[in-house]
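One structure below.
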Amino acid sequence: MTQVIDDARARRTVFILVLAQALIGAQMPMVFTIGGLAGQSLASNACFATLPITMIVLASMFSATPMAAIMQKYGRRVGFMLGAACGALGGIVGAYALMQSSFAMFLGASFLTGIYMSAHGFYRFAAADSASDEFRPKAISYVMAGGLAAAIIGPQLVKVTSDMMVVPFLGTYLAIVVINLIGATLFLFLKPSIQRDSTDAPSAGRSRWELLRTPRIAVAIICGTVSYALMNLTMTSTPLAVVGCGFTEGNAADVVTGHVLAMFAPSFFTGHLIARFGVEKIIATGLIILAAAGGVAMQGVELGNFYVALILLGLGWNFGFIGATTMLAGSHETHERGRVQGMNDLIVFGGVTLASLSSGGLMNCSGGTPQAGWAAVNLAMAPFLMLAGAALIWLMFRPKDQVI
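Heads up: the sequence shown begins at 1178 in the numbering used here, then just goes up one per residue.
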């Protein structure tokens, strides 16, 4: 009976989070499509073009632990509404920065957007909070699938709003304000978290070091970090590469649309694949697909190459990141939730920050041409994929009683 009640509650939570993912989540493809282009127009040095994207993920990294603590103490609803508020404020400051042609202020707006991104990242964990072991991978997968709508809404909003005002991209940032204000109302229907007892105290459970030494948790964090960081490394430079190779901003938006669709469309069945084949095999498949994305990108800079490479990149991220999230969610106790999730996202977004910062330097300051820069970005994926693959193989060959 308890299992049925838990899954009924989980399904209600999933439904709300899918809607939030679709609406508020549209901000992510929007800022990743125009962030580098806007930064390029404002920065005095082209090497800093992707610094606004870096600032977003840097803020996400710093916000992960306090955001997890806020949600652990006050509930998911408070944390998600705080994130939406920061998303709206980031849109307001970003719009004003564009009007004033202030790169420094634009970076401040990106930092606020990063706090939104941190809260947004916890949607996947909220879906698993009250789910049974059987429903957990499906719950995470369904919430991620809400990004499919965001993948359509976001880039299309960019195409409609980027040139609707005299100042380029001003309309896009105003649209970001609107979707956050509307989307925040969804969280009013989110029920408070069940876990509200004394075991939530910070002293309960294993220390962070003990958690990191747990093989299954460690490998989940490594694979999640590599999957997300490499996706960000390549996607951040994609609009710059597409435009730099002679195509239009509209082409760049369409490529990003294809990429984000590939990120989230598989989520309708990723959870089922994990339940059937095991999480390790799905993560391994994701890493292989990410490697294939880099290989296709290295073959040329025709528009078709961009589409295929970015679609593979999205699919690889989906398998790798959802798989890693599922592995992590099943590797700790309920009272360790806040500590594990905050630590995970701190490390994940730390890796994403480094990837984003490196992306602009590799793209704009390697070889002197967009083609050479794009090749450098994709070549940089190789050592990290080997690291994640080695960690996963190590875990799979350990005795079952030594992985948790």
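In this text, a Cβ means the ideal position worked out from N, Cα and C, and glycines have one as well.
Keep in mind the model is a prediction, meaning the values are calculated, not measured.
Selected residue, minimal CA-CA separation from residue i, among the options
i	options	result
glycine 1360	Ala1199, Arg1188, Ser1536	Ala1199
phenylalanine 1483	Leu1492, Ser1307, Met1207, Ala1470	Ala1470
glutamate 1479	Gly1421, Val1529, Leu1490, Ala1439	Gly1421
serine 1309	Ala1442, Asn1555, Gly1448, Asp1184	Asp1184
serine 1543	Ala1215, Ala1223, Val1195	Ala1223
valine 1354	Ala1549, Ala1397, Met1205	Met1205
valine 1419	Glu1387, Arg1186, Leu1214	Leu1214
methionine 1540	Thr1411, Arg1188, Arg1313	Thr1411
valine 1270	Met1258, Phe1257, Leu1289	Leu1289
glutamate 1387	Ala1452, Ser1307, Ser1508	Ser1508
glycine 1235	Val1195, Phe1446, Asp1522	With the sequence shown as reference, residue 1235 is identified as leucine, and glycine is not the correct amino acid for it. For leucine 1235, the nearest C-alpha among the options comes from Asp1522.
serine 1278	Met1258, Gly1216, Pro1314, Arg1385	Gly1216
alanine 1552	Thr1511, Thr1530, Gly1472	Gly1472
leucine 1358	Leu1259, Gly1291, Gln1249, Ala1506	Leu1259
tryptophan 1494	Phe1302, Met1321, Phe1192	Met1321
glutamate 1510	Ile1317, Met1294, Thr1391	Thr1391
glycine 1268	Leu1489, Thr1447, Met1207	Met1207
tyrosine 1405	Gly1545, Thr1530, Thr1546, Met1244	Thr1530
Residues of its chain near residue i, where Cβ-Cβ distance is below 8 Å and the 5 sequence neighbours each way are ignored
i	result
lysine 1336	Gly1427, Ala1430
Whole-angstrom distance between residue j and residue i, CA atom to CA atom
i	j	result
valine 1344	lysine 1368	42 Å
aspartate 1377	tyrosine 1319	Unreliable placement is indicated for aspartate 1377, whose pLDDT of 43 sits below 50; the coordinate value is still reported in the next sentence. Their backbone Cα atoms lie some 27 Å apart in a straight line.
arginine 1393	tyrosine 1251	29 Å
alanine 1395	serine 1240	21 Å
phenylalanine 1498	glycine 1491	10 Å
cysteine 1263	isoleucine 1211	19 Å
glycine 1527	glycine 1285	18 Å
threonine 1190	alanine 1304	6 Å
alanine 1486	alanine 1439	11 Å
valine 1517	phenylalanine 1257	18 Å
serine 1384	leucine 1562	29 Å
phenylalanine 1302	alanine 1265	23 Å
arginine 1254	methionine 1248	8 Å
threonine 1447	serine 1307	20 Å
arginine 1575	phenylalanine 1424	49 Å
alanine 1452	lysine 1315	8 Å
Backbone secondary structure at residue i - three-state DSSP
i	result
cysteine 1542	coil
glutamine 1476	coil
alanine 1286	helix
glycine 1463	helix
glutamate 1387	helix
methionine 1573	helix
cysteine 1422	coil
lysine 1336	helix
arginine 1373	Confidence in arginine 1373 is poor, its pLDDT being 40 and thus under 50, which makes the residue's placement too unreliable to answer from.
alanine 1378	The predicted model places alanine 1378 with a pLDDT of 45, which falls under 50 and marks its position as unreliable; any figure quoted below should be read in that light. The answer is coil: DSSP assigns alanine 1378 none of H, G, I, E or B.
serine 1124	This structure gives no information on residue 1124, because the portion of the chain shown stretches from 1178 to 1581.
methionine 1558	coil
serine 1218	helix
threonine 1237	A small fix is needed here, since residue 1237 is serine in this sequence, not threonine. Of the three classes helix, strand and coil, the one that applies to serine 1237 here is helix, per DSSP.
leucine 1266	helix
glycine 1343	Checking the displayed sequence, the identity of residue 1343 turns out to be valine instead of glycine. If DSSP states are grouped into helix, strand and coil, valine 1343 belongs with coil.
glycine 1252	coil
serine 1414	helix
serine 1404	helix
Proximity below 8 Å, CB of residue i to CB of residue j
i	j	result
leucine 1407	methionine 1558	yes
isoleucine 1459	leucine 1450	yes
serine 1287	proline 1332	no
phenylalanine 1209	valine 1433	yes
phenylalanine 1312	alanine 1461	no
serine 1414	threonine 1227	yes
leucine 1363	alanine 1197	yes
isoleucine 1330	glycine 1291	no
methionine 1475	asparagine 1555	yes
valine 1403	alanine 1565	yes
alanine 1506	isoleucine 1317	yes
Same chain only: Cβ atoms within 7 Å of residue i, ignoring 5 sequence neighbours per side
i	result
leucine 1347	Ala1272, Leu1275, Met1276
valine 1456	Gly1500, Thr1503, Met1504
alanine 1246	Gly1515, Gly1519
threonine 1338	Gly1348, Thr1349, Ala1352
leucine 1534	Thr1231
alanine 1442	Leu1325
isoleucine 1584	An answer regarding residue 1584 cannot be provided, because it is not within the stretch 1178 to 1581 covered by the chain.
Neighbourhood of residue i by C-beta distance below 6 Å, restricted to the same chain and skipping five residues each side
i	result
glycine 1202	Gly1324, Ala1327
methionine 1619	Outside the modelled stretch of the chain, which goes from 1178 to 1581, sits residue 1619, for which no answer is possible.
phenylalanine 1280	Leu1219, Ala1220
alanine 1568	Val1396, Ile1399
serine 1295	Ser1237, Ser1240, Ala1241, Met1244
Any C-beta of chain D under 8 Å from that of residue i
i	result
methionine 1475	Chain labels in this structure do not include chain D; a single protein chain is all it has.
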